[in-house]
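Enquirer: The structure that follows is given in the form of structure tokens.
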Amino acid sequence: MDAIDLITPTTLAFCSAFLFAVSVQVQNLGLKYGHNRLGALISILGSTVFYWLLSPLFLQTWYWMTSAVLVFAVLGLFRPFLSANFALAGVRYLGPTLTSTLASTSPLFAAVFAILILGESLTLAVLIGTLTIVIAVGMLTQRRETKDSWPAWALLLPIGAAAIRALGHAMTKLGLNTVPDPLFAGLVSYTVSLAIALIAMFSRDQRIYRDAKWSPGLLWFFAGGVINGISIWSLNTALNLGSVITVVPIVALSPIFTFLLGFLIFRRETFTFRIILAMLLVVPGVILIAIAG
């Protein structure tokens, strides 16, 4: 088999999911040193630096003259900054269990946006596969800690975060239809995200930066950001080659990889019947989507 045959949307989506899981675990190492709010900024900085260092290899002048710039820039305005804040607010009001479960519905929103914005078609096999993965990820993210009472409107926070991420995937595909360069998509969106994060952080509490001291944790955050940038590159390439409907459900498997890394390498997770069942559900779901794709 030719090596190029291995570069499929499904393979790239798997790579993106795995790399995102690695990024989460690496940034978790940085949290041991504190700097959690500063760490988020350093992570976005790492991703942005990664794309700009690669820019001489791919950047062309005509890219900046297209409508794709506006699409990717708008994407950077709300992802990851806005989606992450929605998710964080969801944890505050609903607790991590319900927030994680509702956030796992992102592939369903992605399918809706792909149909409405891009005109993609949803087959029965992809629908069943997507629902299977959503259920599996929801089972995996279940934890015992819950909040006894919460306002009904708070349900909109994690659902909003899921919808924002899903809309971001559809917008990325829309921009790639004009400028089919996954690296350029990441460059523009992360540059805008970094600017938004800087403005928000400095306007909120400048003491975070005045009191910040050097620690190895900052390197972990930066490294996690670089890895996350590579993950987005892989995701954007998958979207460029394939469809949103078949790529996003595979990328949603990232919590599975996060768990496996935590169990096999970082020794922070344990297997339970629920987790085993969730992983068994994933296999047929992925097969259905891969065959349909």
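The opening residue of the sequence shown carries number -11 in our numbering; numbering runs sequentially from there.
Cβ atoms here follow ideal geometry from the backbone N, Cα and C, with glycine treated the same way.
(1) Given that a residue counts as buried once 16 or more other Cβ atoms are within 10 Å of its Cβ, and exposed if not, what is LYS339?
(2) For the candidate residues LEU248, LEU82, ALA188, PRO170, whose alpha-carbon lies nearest to that of ALA142?
(3) Could you have a look at GLN13 and say whether DSSP puts it in helix, strand or coil?
(4) In the DSSP assignment, find the alpha helix (DSSP H) that holds TRP141 and state where it starts and stops.
(5) According to the Cβ coordinates, are GLY163 and ALA56 closer than 8 Å?
(6) Assuming SER31 and PHE209 are in contact, meaning their beta carbons sit under 8 Å apart, how far apart are those beta carbons, in whole angstroms?
(7) Checking 8 Å against the spacing of the C-beta atoms, do SER219 and LEU63 come in under that value?
(8) Which of helix, strand or coil does DSSP assign to LEU47?
(9) How would you label ARG262, buried or exposed, when you count the other beta carbons within 10 angstroms and need 16 or more for buried?
(10) Assuming ALA158 and VAL232 make a contact with CB atoms under 8 Å, what is their CB distance in whole Å?
(11) What is the DSSP secondary structure of ASP(-10), reduced to helix, strand or coil?
(12) Please check the pair LEU211 and VAL14, which I expect to be a contact at CB under 8 Å, by giving their CB distance rounded to whole angstroms.
(13) State the DSSP-derived secondary structure class of ALA149, mapped to helix, strand or coil.
(14) Of all the alpha helix (DSSP H) runs that stay within the bounds of the stretch 201 to 242, which reach a length of 4 or more residues?
(15) For the alpha helix (DSSP H) containing TYR21, name the first residue and the last one.
(16) Have a look at PRO243, THR260, GLY230 and flag the residue whose alpha-carbon is nearest the alpha-carbon of GLU108.
(17) State the DSSP-derived secondary structure class of ARG67, mapped to helix, strand or coil.
(18) Report the residue from LEU33, PHE6, THR(-2) whose alpha carbon sits nearest the alpha carbon of LEU206.
(19) Just to confirm, is the Cβ distance from ILE152 to PHE74 under 8 Å?
(20) Comparing C-alpha positions only, which one of LEU128, GLY18, TYR51 sits nearest to PRO170?
(21) Going straight from the alpha carbon of VAL274 to that of THR234, what length do you get?
(22) Alpha carbon to alpha carbon, what distance is there between LEU29 and LEU42?
(23) Leaving out five residues on either side along the sequence, give the residues of the same chain with a beta carbon under 8 Å from the beta carbon of ALA70.
(24) Taking the alpha helix (DSSP H) that SER191 falls in, what are its first and last residues?
(25) In chain order, what residues of the same chain have a beta carbon less than 7 Å from the beta carbon of ILE238, not counting five sequence neighbours either side?
Expert: Concretely, from the data shown:
(1) Given a span of -11 to 281 for the chain in the structure shown, any question on residue 339 remains unanswerable.
(2) The residue you call residue 142 lines up with position 154 of the sequence shown. ALA142 has its Cα closest to that of LEU82, out of LEU248, LEU82, ALA188, PRO170.
(3) Here residue 13 refers to the residue found at position 25 of the sequence shown. The answer is helix: DSSP assigns GLN13 an H, G or I state.
(4) In the sequence shown, counting from the first residue as 1, residue 141 sits at position 153. For TRP141, there is no enclosing alpha helix (DSSP H), as DSSP marks it with neither H nor E.
(5) As a first step, residue 163 must be located in the sequence shown, where it is residue number 175. As a first step, residue 56 must be located in the sequence shown, where it is residue number 68. Taking a C-beta distance under 8 Å as the contact criterion, GLY163 and ALA56 qualify as a contact pair.
(6) Counted from its first residue, the sequence shown places residue 31 at position 43. Counted from its first residue, the sequence shown places residue 209 at position 221. The beta-carbon separation of SER31 and PHE209, rounded to 5 Å, stays under the 8 Å limit for a contact.
(7) For the purposes of this step, residue 219 is identified with residue 231 of the sequence shown, where counting begins at 1. For the purposes of this step, residue 63 is identified with residue 75 of the sequence shown, where counting begins at 1. No, the Cβ-Cβ distance between SER219 and LEU63 is not below 8 Å.
(8) Along the sequence shown, one-based indexing puts residue 47 at 59. Coil, per DSSP.
(9) As a first step, residue 262 must be located in the sequence shown, where it is residue number 274. A residue is called buried once 16 or more other Cβ atoms fall within 10 Å of its Cβ, and ARG262, having fewer, is exposed.
(10) Mapped onto the sequence shown, residue 158 falls at position 170. Mapped onto the sequence shown, residue 232 falls at position 244. Rounded, the Cβ-Cβ distance is 6 Å, consistent with contact.
(11) Mapped onto the sequence shown, residue -10 falls at position 2. In this prediction, ASP(-10) has a pLDDT of 45, which is less than 50 and means its spatial position is unreliable; what the coordinates show is noted afterwards. The DSSP-derived three-state label of ASP(-10) is coil.
(12) If you number the sequence shown from 1, residue 211 lands on position 223. If you number the sequence shown from 1, residue 14 lands on position 26. Note that residue 211 is Ala in the sequence shown here, rather than Leu. Confirmed, about 6 Å.
(13) Position 161 of the sequence shown, counted from the start, is the residue given in the question as residue 149. In this structure, ALA149 counts as helix in the three-state DSSP scheme.
(14) Segments of the alpha helix (DSSP H) lying fully in the stretch 201 to 242: 204 to 229, 232 to 239.
(15) Indexing the sequence shown from 1 puts residue 21 at position 33. In the DSSP assignment, TYR21 falls outside any alpha helix (DSSP H) and carries neither an H nor an E.
(16) Taking the first residue of the sequence shown as 1, we reach residue 108 at position 120. Nearest to GLU108 by C-alpha distance, out of PRO243, THR260, GLY230, is GLY230.
(17) Reading the sequence shown from its first residue, position 79 is the one you call residue 67. DSSP, read as helix, strand or coil, puts ARG67 in coil.
(18) Within the sequence shown, the letter at position 218 stands for residue 206. Taking only the C-alpha atoms, the option nearest LEU206 is LEU33.
(19) Stepping through the sequence shown from its first residue, residue 152 is reached at position 164. Stepping through the sequence shown from its first residue, residue 74 is reached at position 86. Yes, Cβ-Cβ distance for ILE152 and PHE74 is below 8 Å.
(20) Looking up residue 170 in the sequence shown gives position 182. When only C-alpha atoms are compared, the closest one is TYR51.
(21) Mapped onto the sequence shown, residue 274 falls at position 286. Mapped onto the sequence shown, residue 234 falls at position 246. Their backbone Cα atoms lie some 9 Å apart in a straight line.
(22) Within the sequence shown, residue 42 is the residue found at index 54, counting from 1. Within the sequence shown, residue 29 is the residue found at index 41, counting from 1. Taking the straight line from one Cα to the other gives about 20 Å.
(23) Your numbering for residue 70 matches position 82 in the sequence shown. Inspection of the sequence shows that residue 70 is occupied by Leu rather than by Ala. Cβ within range, chain order: ILE152.
(24) Numbered from its first residue, the sequence shown carries residue 191 at position 203. DSSP places SER191 in the uninterrupted alpha helix (DSSP H) bounded by 170 to 192.
(25) Numbered from 1 along the sequence shown, position 250 holds the residue referred to as residue 238. Answer for ILE238: THR(-2), ALA1, PHE2, ALA5, VAL274, ILE277, listed in chain order.
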